[in-house]
Each structure stands twice: as C-alpha cells, then as structure tokens.
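So the sequences go chain by chain: Y and L. If you read the first sequence in this note's numbering, its first letter stands for residue 15, the second for the next number, and so on. If you read the second sequence in this note's numbering, its first letter stands for residue 15, the second for the next number, and so on.
Protein chains: 2
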Amino acid sequence: MSDTKKELEEGNALSINFEKRGGLIPAVAQDGRDGSILMLGYVNRQAFEETLRLGMATFWSTSRNELWTKGATSGDFLKLVKILVDCDQDAIVYVVEPQGSGACHTKDPATGAARKSCFYRQVNLKTGKLERAE
Amino acid sequence: MSDTKKELEEGNALSINFEKRGGLIPAVAQDGRDGSILMLGYVNRQAFEETLRLGMATFWSTSRNELWTKGATSGDFLKLVKILVDCDQDAIVYVVEPQGSGACHTKDPATGAARKSCFYRQVNLKTGKLERAE
C-alpha cells in the first residue's frame, strides 16, 4: 500500500477528496437518535466548511447551484452531531438531530407535514413497483 | 406541481433517474439490524438489476469500471433486505444483512478483519482532525 493511500485510509488528517468526484461528494444525513437515513445531498468544500461553521447540515444544491443550509427556508434544520468520513475520504455522513418536522421537501398527504425522510418508499421485490416503506 | 414530478414523488412506478447523474447514482448500504451505514457506492442500471437478480448488493466500481457484487471476492456479501428510493428517485439505500466480517476493504489493525463499516472515522469538530468514530 502506498504511503498516500495508507495516510488517506488510516491517518488522522482530514483530506476529503472533492476533486475525485468533480468537486462534489455525496453526503448522507442520518438521524442520530434512531439511525434512520433522512436524505442524500451533495457537498463541496464551501458547503462542508459552512456546516462546520454553522453546526447545521449544509449542502450544495445541484438543481439551484447554490449553497443550501437545510432548513434555512423551512425551519427544518438538521443540527450537526458529528461528521463521519469514509475510508477513501470521498463520502461523508452528517449525523444530525432534526430540529423541525421533516427533512424531505415532500409532504405526507395524510398530515400535510414534511416527511421525516426522503426515503419513504421501497421497491416491492416481487412486483418491481414502489410501495410505502415499512 | 407538474404531473411528472407528482408521479415521480408520489407514484408507485419505479423510474430511477440514472441519467440525471450521468448514469450512476449513489447507493448507501445500511445494516438492517442496527441502522449503521456500512458504505456508499455507485449504481448504474445494470448494477441495480443485478442486485435484484442476485439478492446481493451490487455496485458499479468507478475505479475498476466494472460490475461489482460486494463480497464476490472477499465473501463479505451484503444480502439484500430491501431497497429504499428517495423522493426524486436519484438515490437509493440498500438495506442489507452483512454475511461476512465487514463491508470495508480496509482492515482493523487490532483484529486483522475487514472493518464492519467504511465510516470508521469522524471529524473532531474542535481540531478538524480525524479520530476513530464513537
């Protein structure tokens, strides 16, 4: 194993490889209370630094092409608990404590409130259709 | 909201938008037993279909540029429990039951066994250095 690879995987230097993925890496937001996965967004260096500065999960919106602190408009902030970094430092997990009703921009038709997670559907492995996640 | 967007977000038709992300979407592998996040990989249509066919989490290796069924060489298969799909159908979660010692290609120096998760380090929010994840 090269020294560079060893340092990347086993070292304590934070050197997230944004460049490897074109400047943006995937960031998973996970609820620290129950382990559920809330959403997946993308993060560039600026969004990562803003997350550290604010203590709130911040992404780079690939649709609006702008910095996006989750909750800045809705109030549904995702308060940062910790940031996990993977072996080759090109993916991260924001472990968070949701401050509002939900992390998803969609609303539950039954309640009208933002859904807690964007992953509210699962694939029915027999039919190949989507159904409500259990 | 357009009908297309409504169907994408609220419908039961599986129509994963691989094209939106250049043919590859991020796929999070999550341990169905304790909710921990094991790894993040990428999936194209072929890898997704192979996952359904085998019942084992399969990715597209962006480094080797080939289909990659996790565990095919190491034995550390990730047996599929369910697949979650997000609101705009461009990210998925493989909820899995790990069959081997670990999902990561790195080894724990203390045991010599594959680490359970690729996310074995966290950012120390005071120093900005990496430390062992709690």
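Here a beta-carbon is modelled for each residue, glycine too, at the ideal position from N, C-alpha and C.
Residue pairing by DSSP puts THR83 of chain Y in a beta bridge opposite Y:THR72.
Beta-bridge partners of GLY55 of chain Y (DSSP): Y:ALA41. Between the C-alpha atoms of LYS143 of chain L and ILE97 of chain Y there is a straight-line separation of about 11 Å.
Within the region 42 to 64 of chain Y, those residues whose Cβ lies closer than 8 Å to any Cβ of chain L are, in chain order, VAL42, GLN44, ASP48, GLY49, SER50, ILE51, MET53, LEU54. Identification of residues in the region 92 to 109 of chain L having a C-beta nearer than 9 Å to some C-beta of chain Y yields LEU94, LYS96, ILE97, LEU98, VAL99, ASP100, CYS101, ASP102, GLN103, ASP104, ALA105, ILE106, VAL107, VAL109, given in sequence order. In the three-state reduction of the DSSP assignment, LEU66 of chain L falls in the helix class, which pools H, G and I. Three or more beta-carbon pairs separated by less than 8 Å are not found between the region 118 to 127 of chain Y and the region 26 to 43 of chain Y, which leaves the two stretches without contact.
Taking a C-beta cut-off of 8 Å against chain Y, the contacting residues of the region 113 to 125 of chain L are CYS118, HIS119, THR120, PRO123, listed in chain order. In this structure, TYR108 of chain Y sits near ALA71 of chain Y, with a CB-CB distance shorter than 8 Å. Between ARG47 of chain Y and LEU22 of chain L, the alpha-carbon positions lie close to 29 Å from each other. A Cβ-Cβ contact shorter than 8 Å links ALA41 of chain Y with TYR56 of chain Y. Counting every other CB atom within 10 Å of its CB across the protein chains shown gives ASN58 of chain L a total of 16 or more, marking it as buried.
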